[in-house]
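This report concerns only the one structure given below.
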Amino acid sequence: MTELTDHVSSLRSTELPAYVYDLRALRAHVAAVRHALPDRVEVYYAAKANPEPEILAALAPYVDGYEVSSGGELAHVAKAVPGRPLAFGGPGKTPDEVTAALERGVERFHVESAYLLRVLAESARRVTPGRRVAVLPRVNLPVPEGSLEGSSLAMGGRPAPFGMDPGQAREVVAALTDGTYPQLELRGVHAHLASGLEAARQLRVAEAVVLWATSLGVPLAEVNVGGGMGVDYADPERRFDWAAYGEGLARLTDTHPGLTLRIEPGRALTAYCGWYVTEVLDVKRSHGEEFAVVRGGTHHLRTPAAKGHDQPCSVLAVDDWPHPWPRPAAAGERVTLVGQLCTPKDVLARRVPAPGLRAGDRVLFSLAGAYAWNISHHDFLMHPRPGLHFLDA
Ligand SMILES: *Cc1c(COP(=O)(O)O)cnc(C)c1O
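Sequential numbering of the sequence shown, starting at 748, is according to the working numbering.
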C-alpha cells in the first residue's frame, strides 16, 4: 500500500470526506518542473489555484515568487510565506487593495487597465514617495492562429475583461516611458492568454508575447508569459511536457539576452498532489443506470461540475461492513458517482468502471490539488466540511 492509501484506510468514516495532499509528491513534481526550465525563467505560483498555507510553504524552495490577485490573497500569502516576492494582478482592484499592496512592498504590479494605472500612480505618490514601483501592463494579445485550439479557457485574443488590447497597452507603455508617472517604472509586459494548453501551443503563445513586447521598442527587463499549462483530466498520465517547454523557452531567452522570462502556473503545479477521498453511502439503480452516492460531493469538489469533466478516481475496497442491515452493491460494471446534494448537477464522475461497488467502499478522486476545495460552494446544503490532511508536512 502506498502512504496515501494507508492514510485513507486509517481514517474513520466520520472523518470522511477529506482532502489529502501529498507534499512529498508536490515537492518532487515542482523540483522537476524547475529543473526542466532554464535559469533565466522565473516561476511565480498563481496562488488562486490552491492557497493552502502548507502548499504555499512546500512550494517555496522551488518558486521565485507568488502571483496574487486580490487583497485577500495578498494578505494570506504574505503571512504564509513571509518575505517572498509577490506580483499583484487581476481585474477590478479597489484603491484600498492597491494601497495595501504598496504598503506591503509588493514587488510588481500587473496593470489591467489605464484606469488602474492611474489609481496605482496616485497611491504610489502618497504611500511610497521616492520609490519607483515596478509595473507590467497586461496585454490581451491576438494569439497565433490555431494555438488556442484545445484550450479550455481562453482569456486572450477575444473580447475579455482581462488586460488591455494591444493599442491600449501601447498607450499605457507610452505613459510609463514619457515621464507622466515618475513614481512608476515600466519593468516589462504581462500576458495570460489561455489555460489548458499543451507545451507546443503554450510555446507559440510565449513567442507571440515576447515578439510583441520587443516590438514596443522600449527597454524591458521582464516578460511574463502567464500560466495555463494543461492538465488532462481525461488522461491523468498525460502530463504537460515541461522538458519541451523548457527547451523552447531556452531558445527564446537565448535570442533575447538581458530579458528575464517569467511564467505563473497554478493548476499544473498543484493539481496532481491532492485527492478528495470519501466513501460510498448508497448504491441504487435508476432507469437502467447505477448510481453510487458518496459522502460529500461537488460542494467540496466543484471541479468536475465547473469544467464539465469526470473527475478521475479509483476505488479502495473496504471489506468490513459494521451495520446490521444489508449492504447495497452495484450489480453491473459501470457506476455514476454522485454527491449528497439535491441537484442533478452534483455528479463527480459518470459511468466509471467499478464492478460490484458497495456502500462502505472508499473512493479516491485524484487531480484534486488545484481549483478544487477553494473554488467550491461549501455551504450549499450545510453538510460538514472535509478535513484537510497534509502527508509529509
Ligand atoms: C489563473 C491565472 C494563472 C494561473 O493559471 P493556471 O491555469 O492555473 O496555470 C496565471 N496568471 C493569471 C493572471 C491568472 O489569472
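Just so it is clear, CB atoms sit at the ideal spot from N, CA and C, and this is done for glycine as well.
Just to confirm before moving on: does the CB-CB distance between residue i and residue j stay below 9 angstroms?
i: ARG905; j: VAL936; result: no
i: ALA793; j: GLY1013; result: yes
i: ALA953; j: LEU1006; result: no
i: VAL1110; j: ALA1039; result: yes
i: ALA822; j: ALA847; result: yes
i: ALA1140; j: LEU803; result: no
i: ALA947; j: ALA991; result: yes
i: VAL970; j: VAL956; result: yes
i: LEU1063; j: THR752; result: yes
i: LEU883; j: LEU950; result: no
i: VAL767; j: ARG781; result: no
i: LEU1016; j: LEU773; result: yes
i: LEU1135; j: TRP1120; result: yes
i: PRO717; j: ARG1081; result: Residue 717 is absent from the model: the chain starts at 748 and stops at 1140.
i: THR1083; j: GLU1011; result: no
i: GLY1086; j: PRO1102; result: no
Please report the residue range of the alpha helix (DSSP H) in which residue i lies.
i: ALA779; result: 770-783
i: ILE1122; result: Careful: ILE1122 lies outside any alpha helix (DSSP H) and carries neither H nor E.
i: GLY995; result: 989-1002
i: LEU923; result: 913-924
i: SER1061; result: Where SER1061 is concerned, there is no enclosing alpha helix (DSSP H), although the beta strand (DSSP E) it sits in stretches over 1060-1063.
i: HIS1056; result: From DSSP, HIS1056 is part of no alpha helix (DSSP H); its letter is neither H nor E.
i: ALA955; result: 946-962
Starting from the C-beta of residue i, find all residues in its chain whose C-beta is less than 6 angstroms away, skip the five residues before and the five after it, and write them out in chain order.
i: GLY977; result: GLY943, LEU944, GLU945, PHE987
i: TRP959; result: LEU888
i: LEU784; result: GLY993
i: PRO1075; result: ASP1029, VAL1030, ALA1106
i: SER1123; result: HIS1046, HIS1047, ARG1049
Could you spell out the range, first to last residue, of the beta strand (DSSP E) harbouring residue i?
i: ARG881; result: Note that residue 881 is Ala in the sequence shown here, rather than Arg. Where ALA881 is concerned, the enclosing beta strand (DSSP E) stretches over 880-884.
i: ALA793; result: 788-793
i: HIS857; result: 855-858
i: HIS1031; result: Per the sequence shown, the amino acid found at residue 1031 is Lys instead of His. 1021-1033 is the extent of the beta strand (DSSP E) around LYS1031.
i: ALA1096; result: 1094-1100
i: ARG1169; result: Past the edges of the chain, shown from 748 to 1140, lies residue 1169, and the structure says nothing about it.
i: ALA1039; result: 1036-1041
Enumerate in chain order the residues of its own chain whose CB-to-CB distance from residue i is below 7 angstroms, with the five nearest sequence positions on each side excluded.
i: ALA981; result: HIS1056
i: PHE1127; result: HIS1046, LEU1088
i: PRO983; result: PRO1059, SER1113, LEU1114
i: ARG879; result: GLN930, LEU931, GLU932
For residue i, I'd like the list of residues in its chain whose CB is within less than 8 angstroms of its CB, leaving aside the five on either flank, ordered along the chain.
i: ALA861; result: MET911, GLN915, GLU918, VAL919, ALA922
i: ALA1053; result: TYR1118, ILE1122
Handout entry: Contact between the segment 1019-1026 and the segment 757-774 (3+ Cβ pairs under 8 angstroms)
Key = yes
(Q) With a threshold of 8 angstroms, are at least 3 pairs of Cβ atoms found where one atom belongs to the segment 912-923 and the other to the segment 1035-1050? (A) no
Q: Check whether the segment 908-915 touches the segment 924-932, taking contact to mean three or more Cβ pairs, one atom from each stretch, closer than 8 angstroms.
A: no
### Message
Whether or not the segment 853-867 and the segment 826-845 are in contact is what I'm after, with contact meaning three or more pairs of Cβ atoms, one per stretch, closer than 8 angstroms; do they touch?
### Response
yes
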